[in-house]
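Student: The sequence shown runs contiguously to residue 684 in our numbering.
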Amino acid sequence: MPVCASLVLCGAQGVCCDEGQECVEGKCTAACASGVRCGPKGATCCGAGEVCLAGACTAPKGSCKDSYDCAEGQFCEPTLGKCLPQPAGVSLCEYRPPVLPFEPVLEWSWTGSPIKPNYDQVLSIPLVGDLDGDGSPDVVIVTHDKGDGACDVGHAYLRALDGRTGEEKWGAGVDAYSDAARVAFCRNPALADLDGDGKPEIVAARFGGGLVALHGDGSLAWTSTLGDKKTPYATYIQTLSAVAIANMDGDGSPEIVVGGVVFNADGSLRSGAGLENVGSNGIFGANSIIADINGDGTQDILGGNVALDIEGKVIWQAPVADGYPAIADLDGDGKPELVSISAGTARVLDATSGAVLASIDMPGTGNGGPPTISDFDGDGVPDFASAVGDSYTVFSYTSKPSPAISVKWSVFTLDVSSSRTGSSVFDFENDGKAEVLYNDECYLRVYNGQDGKVLFQIASSSGTAAQYPIAVDVDGDGNTELVVVSDDKYQITGLTPGCPGYKGAEKLRHGVFVYGDKNDKWVRTRKIWNQHSYHITNVKADGTLPLPELASWGPQGNNSYRVSLQGSGVDNAPDLALDLEVSTLDCPDALTLRARVKNLGSLGVPAGVGIDFYEGTPPAGTPVGGAVTKTALLPGASEVVEVSFPVASKTPPFSFFAIVDSASLVDECVEDNNGASAEGLQCYSKP
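(1) Excluding five sequence neighbours on each side, which residues of the same chain lie with their C-beta closer than 7 Å to the C-beta of residue 687?
(2) Where DSSP assigns a beta bridge to residue 445, which residues make up the other side?
(3) Does residue 176 come out as helix, strand or coil in the three-state DSSP assignment?
(4) Could you pull out every residue in the same chain whose Cβ sits closer than 8 Å to the Cβ of residue 640, ignoring the five residues on either side in sequence?
(5) Mind checking whether the beta-carbon of residue 478 lies closer than 6 Å to any heavy atom of the ligand ADP?
(6) Do you know how far the Cα of residue 649 is from the Cα of residue -2?
(7) Using DSSP's beta-bridge definition, name the partner residues of residue 440.
(8) Whole beta strand (DSSP E) runs in the stretch 314 to 368 with 3 or more residues, listed along the chain?
(9) At the level of alpha carbons, what is the spacing between residue 479 and residue 469?
(10) For residue 386, which of 159, 65, 598, 437 has the nearest alpha-carbon?
(11) Any idea what DSSP makes of residue 118, helix, strand or coil?
(12) In the DSSP assignment, the beta strand (DSSP E) including residue 611 goes from what residue to what residue?
(13) Please report the distance separating the alpha-carbon of residue 177 from that of residue 550.
(14) Please determine, among 618, 655, 663, 659, the residue with the shortest C-alpha to C-alpha distance to residue 674.
(15) How would you write the range of the beta strand (DSSP E) that residue 688 sits in, first residue to last?
(16) Does residue 511 pass the burial test, meaning 16 or more other C-beta atoms within 10 Å, or should it be called exposed?
(17) Taking contact to mean 3 or more Cβ pairs, one atom from each stretch, closer than 8 Å, check whether the stretch 114 to 124 and the stretch 204 to 222 are in contact.
(18) How long is the line joining the alpha carbons of residue 435 and residue 415, rounded to whole angstroms?
(19) Does the count of Cβ pairs from the stretch 554 to 565 and the stretch 528 to 541 closer than 8 Å reach three?
(20) Could you give the residue range of the beta strand (DSSP E) that holds residue 423?
(21) Just how far apart, CA to CA, sit residue 686 and residue 256?
(22) Could you tell me how far apart the beta carbons of residue 150 and residue 186 are, in whole angstroms, since I believe they sit closer than 8 Å?
(23) Quickly, what does DSSP pair residue 19 with across the bridge? List them, please.
(24) From the DSSP secondary-structure annotation, give me the bridge partner or partners of residue 526.
(25) Taking the beta carbon of residue 102 as the centre, do at least 16 other beta carbons fall within 10 Å, making it buried, or is it exposed?
(26) What is the DSSP secondary structure of residue 63, counted as helix, strand or coil?
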């Protein structure tokens, strides 16, 4: 018999490789110690720690949890957790899921607990973040008792839920369920790392006045005080108010804002006493926002008709009523505009000067909820939206030839109880067409951002406050989920009218509900939504705060508000392929089939990819065995898996083929290169 010194047979005809060679693209090639090949036919061997991206070896740039942790022009490689270049103008391996009917299915829900069992109503925005640093998101909700009166009467408790299952994270004995940590419902909390330990704290309006903060394990961090850090700050926090957190002065220690009041990270008052209602719409608020409007490096506070610096000094005051604000560059001139929703009027102001640029009466009746800013129809120009008591409306703003606001589309809703609910936006299929998430008193609806067509509707009773549904990767699976809260207290007590389509109480519900795509094709997004005034650049993926915070309307921002985005590299995809070589090391008893599984794409693949081996020629064959990869395959990386083929009592020559990911569990940019074959093989004698 012929002698094969390397014991490696390569290619369709089983060529014997030399010592120090391996089988690549069906040819004997010098072995690559790193296992990462790049360039045409994998001719270049990358260095240790490098990956192959867009045909070039490159080293990761820094750690990340999502692409917003990376610099401009980079994306976060999820299996690696490091930033890689996202080359512009270069053809990359990409996969875009097919646009299918919008079919959410319930993944999990929380509707009650043996801990404080009467407290099962949710009337504040759900928050999502990793509270304990285990790498998996958690959900924070505010729960109150349906037996309480209106928002200003009863108290509530914060709860933390596992984002994967909905199971409660805190036991009954934690501080969160003590009297000292009781919170006021109908107010929106926030979460961020306040003490620098890398894990977020939760800040909420305290029952009786002021604020309370909890650590991620449910223990009490502080209750608010005056500047002396001793005297309690117990001023009433207005119904429907929202907490916002930012590194305002650049010293690395966060500030907490409610209305125009600023607290230090330890809960002590810094400035603004008496300005609790900034950012209110009528008697309800305060939903102020934080942004650096003059580029001086210090964040400012914006209401609907006023801008304040960190010390509470007025930067500008507009001669109009206050309202709920949001900020973006609406006309593309590089300067921000402020959207203000106030008593049924939508206004656009110059965010740097307070000049009122345009206004319009909102369709329908009611006050209007906190605005959302997004490119609703994919035309490249941001629009804004808000809901009043009986309609949800998307508006367009133009500054030329003169500033003006017009209605893009408007649909009927039912929200007479507060007339101030919010909304959020996300492009679930990444097809350039955004979807709008909104819940009125009766239904959760998802609207087509182009024309307001209802894509999804399900009964979801709510007393409505200023809360809204969110789009977030709540379970860390790489796909987006829709998270919505619900309560039935107001319908049961008759404080809201009946719902069209409801039959008695059969459709009433309470708690928090998480929906995913029936086909698991919604694209990925961030694993955090930390506050009511969320605008992506305000928080990092781990709950720490950026320093400095980039302008959300600037070149490295996203020019949106209360919107979830996919981030850079969302279409990047793996491309699994393999080389098949055969070892004669165990001859004359067996041949060893060795598949070098490789990733030719632009995104990594976790361990556990399956490879199937067959005797015969494609597509028919007799199964020989199977194996799975044991390591993550980054772009350009490879891993060898093998099975043994006993040759006793079998007649050569033999033919084999192997297929990687035969069940198509991995979404790849190329699906027709997952197999390799070798023919005319037999056991060669050892040298």
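Ideal Cβ positions, reconstructed from N, Cα and C, are used throughout, including at glycine.
Tutor: Let's see:
(1) The requested residue 687 is not part of the displayed model; the chain covers only -2 to 684.
(2) 432
(3) helix
(4) 589, 590, 610, 621, 622, 623, 624
(5) What this structure holds is no ligand at all, so the ligand ADP is not there to describe.
(6) Because residue -2 carries a pLDDT of 37, less than 50, the predicted location of this residue cannot be relied on, and no value is offered for it.
(7) 456
(8) 321 to 325, 334 to 339, 342 to 347, 353 to 358
(9) 7 Å
(10) Residue nearest to residue 386 within the set 159, 65, 598, 437 is 437 (criterion: CA-CA distance).
(11) strand
(12) 607 to 614
(13) 40 Å
(14) 655
(15) The displayed coordinates of the chain run from -2 to 684. Any statement about residue 688 would go beyond what the structure contains.
(16) By the Cβ neighbour-count rule, residue 511 is buried, with 16 or more other Cβ atoms within 10 Å of its own.
(17) no
(18) Roughly 14 Å between the two C-alpha positions.
(19) yes
(20) 421 to 423
(21) Outside the shown range of the chain, which is -2 to 684, sits residue 686, and nothing can be said about it.
(22) About 19 Å separates the two Cβ atoms, so there is no contact after all.
(23) 26
(24) 125
(25) exposed
(26) The answer is coil: DSSP assigns residue 63 none of H, G, I, E or B.
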